[in-house]
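Using the UniProt record's numbering, the final residue of the sequence shown is 592, and nothing's skipped along the way. Okay, structure first, notes after.
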Amino acid sequence: MLKLKVLEQPFTEAEIHLALMGMNGDKAPGPDGFTVAFSQFLLGVREKRKIVDVFNEFYEDKSFAKSLNSTFLVLIPKKGGAEDLGDFRPISLLGGMYKLLVKVLSNRIKEVLDKVVSPDQNAFVKGRQILDASLIANEHLVLEKILLKSEVIPVGEVEDIEMLAVELGCKVGTLPSVYLGLPLGAKHKAMAMWDGVEARMRRRLALWKRQYLSKDGRITLIKSTLASMPIYQLSLFRMPKLVVKRLEKLQRDFLWGGGSMERKIHLINWAVVCTQKESGGLGIRKIDLLNKALLGKWIWRFAIEEDFFWRKSGKGTKVRLWTDHWCGNEVLAQTFPQLFELAVQRNASINEMWDSSLGQGGWNIRLSRNLNDWELDALGELLHLLRDLRTSLEEDTVIWKGESHGLFRIRDAYKLLAGSNVINFPKKGIWVDKVPTKVAFFAWEASWEKVLTLDKLQRRGWQFPNRCFLCGCEEENVNHILLHCTVVRALWEIVLALFGANWVFPEKVKDMLVSWRGPFVGRKRKRIWTSIPLCIFWTVWKERNRLAFRRGSLAIQKLKNSFVCNLWSWARVYMGEESSSLIGFLEWLAAP
Numbered sequence: 001m002l003k004l005k006v007l008e009q010p011f012t013e014a015e016i017h018l019a020l021m022g023m024n025g026d027k028a029p030g031p032d033g034f035t036v037a038f039s040q041f042l043l044g045v046r047e048k049r050k051i052v053d054v055f056n057e058f059y060e061d062k063s064f065a066k067s068l069n070s071t072f073l074v075l076i077p078k079k080g081g082a083e084d085l086g087d088f089r090p091i092s093l094l095g096g097m098y099k100l101l102v103k104v105l106s107n108r109i110k111e112v113l114d115k116v117v118s119p120d121q122n123a124f125v126k127g128r129q130i131l132d133a134s135l136i137a138n139e140h141l142v143l144e145k146i147l148l149k150s151e152v153i154p155v156g157e158v159e160d161i162e163m164l165a166v167e168l169g170c171k172v173g174t175l176p177s178v179y180l181g182l183p184l185g186a187k188h189k190a191m192a193m194w195d196g197v198e199a200r201m202r203r204r205l206a207l208w209k210r211q212y213l214s215k216d217g218r219i220t221l222i223k224s225t226l227a228s229m230p231i232y233q234l235s236l237f238r239m240p241k242l243v244v245k246r247l248e249k250l251q252r253d254f255l256w257g258g259g260s261m262e263r264k265i266h267l268i269n270w271a272v273v274c275t276q277k278e279s280g281g282l283g284i285r286k287i288d289l290l291n292k293a294l295l296g297k298w299i300w301r302f303a304i305e306e307d308f309f310w311r312k313s314g315k316g317t318k319v320r321l322w323t324d325h326w327c328g329n330e331v332l333a334q335t336f337p338q339l340f341e342l343a344v345q346r347n348a349s350i351n352e353m354w355d356s357s358l359g360q361g362g363w364n365i366r367l368s369r370n371l372n373d374w375e376l377d378a379l380g381e382l383l384h385l386l387r388d389l390r391t392s393l394e395e396d397t398v399i400w401k402g403e404s405h406g407l408f409r410i411r412d413a414y415k416l417l418a419g420s421n422v423i424n425f426p427k428k429g430i431w432v433d434k435v436p437t438k439v440a441f442f443a444w445e446a447s448w449e450k451v452l453t454l455d456k457l458q459r460r461g462w463q464f465p466n467r468c469f470l471c472g473c474e475e476e477n478v479n480h481i482l483l484h485c486t487v488v489r490a491l492w493e494i495v496l497a498l499f500g501a502n503w504v505f506p507e508k509v510k511d512m513l514v515s516w517r518g519p520f521v522g523r524k525r526k527r528i529w530t531s532i533p534l535c536i537f538w539t540v541w542k543e544r545n546r547l548a549f550r551r552g553s554l555a556i557q558k559l560k561n562s563f564v565c566n567l568w569s570w571a572r573v574y575m576g577e578e579s580s581s582l583i584g585f586l587e588w589l590a591a592p
C-alpha cells in the first residue's frame, strides 16, 4: 500500500531531475523545437522552476495543454530506393516536455507494476523475462486460449478432441507447434527444429547478395545480424553440433566470399577469427560458446531468484563449509582432503561451524580425533585461510566469481568459456582509429602471414615461378614484399628520414607492428606515425597487384609519390589534419 500511495503524491524536484537526466538529450526535437538537452540545461540554472511549475499544474488540474502532445510523424526509408509505403518505418517526434512527463509517470508506475500485473504476464515488467513463458510452456505443454489464434493440442490419446475444440472455439493443433516464436514440444536435439533459423539466415544473406560489401560491412553484419538471429532459441535450447557447424559455415563463407557467397579461400582459421582482437582475431562470437553462456543465465537465475515460479525459499543457512564454493579457488574438501575425512559434520553449514561464544566469535572445526603432529600444518593453513572471514546476520547470497562485481553477465561468461589466449599481437598497430577497415583487414591477414602471395599459391598447387614482382630478385612472400624488398625499403627510408629515426627491421610483419612505437614523435603526430606501416602495406600491395595482373612496369618515383599522397590523404580525410599542401604536410611531419 505504501508504494501505491506514491502514485498520488505531488511531483518532487528530485524525481523530475532524475528522470530528465536519464533521458537522451540529443534526440530529434518535436513540434516545440526544443531538444531534451535544452530542458536539462534549464534544470541546471535558475529557470528550473518553470519545469517544476508545469508538473505542479499538471498535478492540480489532472490534465495538460493539448499542444504538449503534438507530434511530428516522420517516415524513414528502410533501404535505398524506397518506393512503396512498406519500404518506410514511422517514428514519432514528440515534444520534450511531453516526453519528460511520460518519463516521470513511467518511473512511478515501474515501482508498482509487478504488484498490479498478474504473475502470468512475463514481458515488459521489471524482473520478469519473456523466456520464462516459453520455459513454462515447454514444461507443461499447455496453451491458454487467446482468441482466434488459439489451438487445443492433445498430448497422447484424447477422446472427442474435435468436440472439445468446437466447444472452446479453437482449432485442433499438433505438436510440435510454435509458442512465442519458439518451438513447443519439439525434440530439442533434432536437426529439423533448427531449420527455421538456418532458413532465416539464408534469406538475410540473399538480401545482401547483389550488394558489394566491404570487409568492414561483412564483419559488422556477422556480429550484429547473423550472430544475433538465433539468440532467442539459443537462450532456451542447446544447439546440436552439426547445426552449429552449418551456421558457422554460412558466416565463414560470407566473411571471405562477400554477399555473393562465392567460393573463396578462407585464409585464416575460424577458431582464430572468433578470438578477441587482442588475441589476433576479429571478435566474432562462436555459436556453441554463446549458447552455453546464454543457458548459464538460467542457472544463475535459479540460484539468486528466491521467490519465483520454480521455487519458494525461506531464511536459513545455505552454504556448506566443506562442499560449497565460498572460500578460495576450490571447495575446502578438495583443498584439505585429510581434514575433510576427519570432519565430524561433513555437510555442516558455515553458521554451524562458527562459535559466537569465543570472544568476538571464532571457527570451531570439529574433528573425529586429535591430530597427529604432521597433520597440524593442514589445520593451521585452514584457520589461516578462514581468519579474516566472519558470519553475519545477512542472508547468504550467490556471487559470480568471473568478475569482481559478483554478478553474472552473459558477456563475462562467454569470455570465461572462450578462455584467454594471451599472445603478443599488435592489435593497436592494426586496428588504428580512422584508418580504412579494408586496409586494417589486410594488415591483419599479413600479420598472420596469410596473404595470397606467390609462395602461398604454390603451396596450393599453382604452377609458376616465384619471383617478387617489385624487385624481381628474390622469392615473394608477405614478409619480403612488405618489409625487406629493396623497392619497399625506399618507402621506409622516406619515413625514417622525415622523423629522423633509425630502425632495425624484424623478420616478420607481426613483429614489425608490435615494435612500431614512436614516443619521440609527440602526441600530435602519433596517429600519423601509427598509420604509416598500414599505408606502406596498402600502397605496396596495390602496386604489386597492378604489376601482377596488368603486366605494367615499375616506376619507383611514382610509387613514392603514391605513398606520400596516400598518407597525406588519410591525414586530411580520416584524422583531421588541416595541412593545406603536401609540402606543408611533409614539413609538419619533419618538424622536431
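For each residue, glycine too, the CB sits at the ideal point set by N, CA and C. Computed from a predicted structure; not experimentally measured.
Discussion item. I want to know whether the stretch 98-111 touches the stretch 225-241 - three or more CB-CB distances under 8 Å.
Written reply: no
Quiz prompt | Integer Cβ distance of Lys-171 from Glu-151, believed to fall under 8 Å | solution = 6 Å
Open item on the list: Just verifying my parser: in three-state terms, what is the DSSP assignment at Pro-533?
Closed with: helix
Three-state secondary structure (DSSP) at Trp-570? helix
Point to revise | Nearest-angstrom Cα separation, counted from Leu-175 out to Lys-145 | key: Because the pLDDT of Lys-145 is 42, which lies under 50, any placement of that residue in the model is unreliable, and the question is left without a value.
Give every residue of the same chain whose Cβ lies closer than 6 Å to the Cβ of Val-244, excluding the five residues on either side of it in the sequence, and list them in chain order. Ile-287, Asp-288
Can at least three beta-carbon pairs, one atom from the stretch 70-82 and one from the stretch 53-62, be found at a separation below 8 Å? no
*What residue from Cys-535, Leu-250, Asn-69 has the CA that sits closest to Val-197's CA?*
Leu-250
For Val-439 and Trp-538, what's the separation of their Cα atoms in angstroms?
6 Å
Which of helix, strand or coil DSSP assigns to Val-435: coil
Is Val-504 helix, strand or coil by DSSP? coil
Work out the CA separation of Gly-30 and Leu-93 for me, nearest whole Å.
5 Å
Within 10 angstroms of the Cβ of His-140, are there 16 or more other Cβ atoms? Answer buried if so, exposed if not. Below a pLDDT of 50, predicted positions are generally treated as unreliable, and His-140, at 46, falls in that range; the measurement from the model is reported next regardless. Under this definition His-140 is an exposed residue.
N-terminal and C-terminal residue of the alpha helix (DSSP H) that Val-272 is part of:
270-273
Quiz prompt | Own chain partners of Asn-502 with C-beta closer than 8 Å, once the 5 adjacent residues on each side are dropped | solution = Leu-496
(request) Tell me the start and end of each unbroken beta strand (DSSP E) in the stretch 21-100 that is at least 3 residues and wholly inside, in chain order. (result) 71-77, 88-94
message = Rounding to the nearest angstrom, what Cα-Cα distance links Leu-101 and Phe-55 in this structure?
response = 8 Å
| request: State yes or no: is the C-beta of Ser-349 within less than 8 Å of the C-beta of Leu-383? | output: no
Q | For Trp-570 and Ser-515, believed in contact at Cβ under 8 Å, the rounded distance | A | Not quite, the Cβ-Cβ distance comes to about 22 Å (not below 8 Å), so this is no contact.
Practice task
Could you round the C-beta distance between Leu-589 and Ile-536 to whole angstroms and report it? I think they count as a contact, below 8 Å.
Solution key: Not a contact, Cβ separation roughly 14 Å.
Straight-line gap, Lys-312 to Asn-351 (C-alpha atoms, nearest Å):
Reliability of the predicted coordinates at Lys-312 is poor, the pLDDT of 41 falling under 50, and no value is obtained from them.
* Can Gly-95 and Ser-39 be called in contact, C-beta distance under 8 Å? -> no
Query raised in the report: Using the beta-carbon count (16 or more within 10 Å), is Met-163 buried or exposed?
Result: exposed
Spatial neighbours of Glu-13 within its chain, please: C-beta separation below 7 Å, excluding the five flanking residues on both sides. Val-52
(request) Give the DSSP bridge partners of Lys-171, in chain order. (result) Glu-151
Exercise for the section: Kindly give me the distance between the Cβ atoms of Val-451 and Val-488, rounded to whole angstroms, as I take these residues to be in contact under 8 Å. Expected result: Between Val-488 and Val-451 the Cβ distance is about 14 Å, and since that is not below 8 Å, they are no contact.
Taking the CB atoms as reference points, tell me whether Glu-476 and Phe-469 lie closer together than 8 Å. yes
* To do: For Leu-534, collect the residues of the same chain with a Cβ closer than 7 Å to its Cβ; drop the 5 residues on either side in sequence, then sort them by chain order.
  => Val-432, Val-435, Val-439, Ala-440, Ala-443
Which of helix, strand or coil does DSSP assign to Ser-349? strand
Gly-518 versus Gly-281: straight-line alpha-carbon distance, rounded: 25 Å
* Beta-carbon separation of Cys-471 and Thr-486 under 8 Å? -> yes
_On a Cα-Cα basis, can you pick out the residue from Val-112, Leu-379, Val-478 that is closest to Glu-8?_
Val-112
- Straight-line CA distance for Arg-411 to Phe-499? 43 Å
Worksheet item: What three-state label does DSSP hand Leu-342 in the structure shown?
Response: helix
Through-space distance from Thr-437 to Asp-216, alpha-carbon basis: 6 Å
Looking at the secondary structure, which residues open and close the alpha helix (DSSP H) in which Phe-585 lies?
582-590
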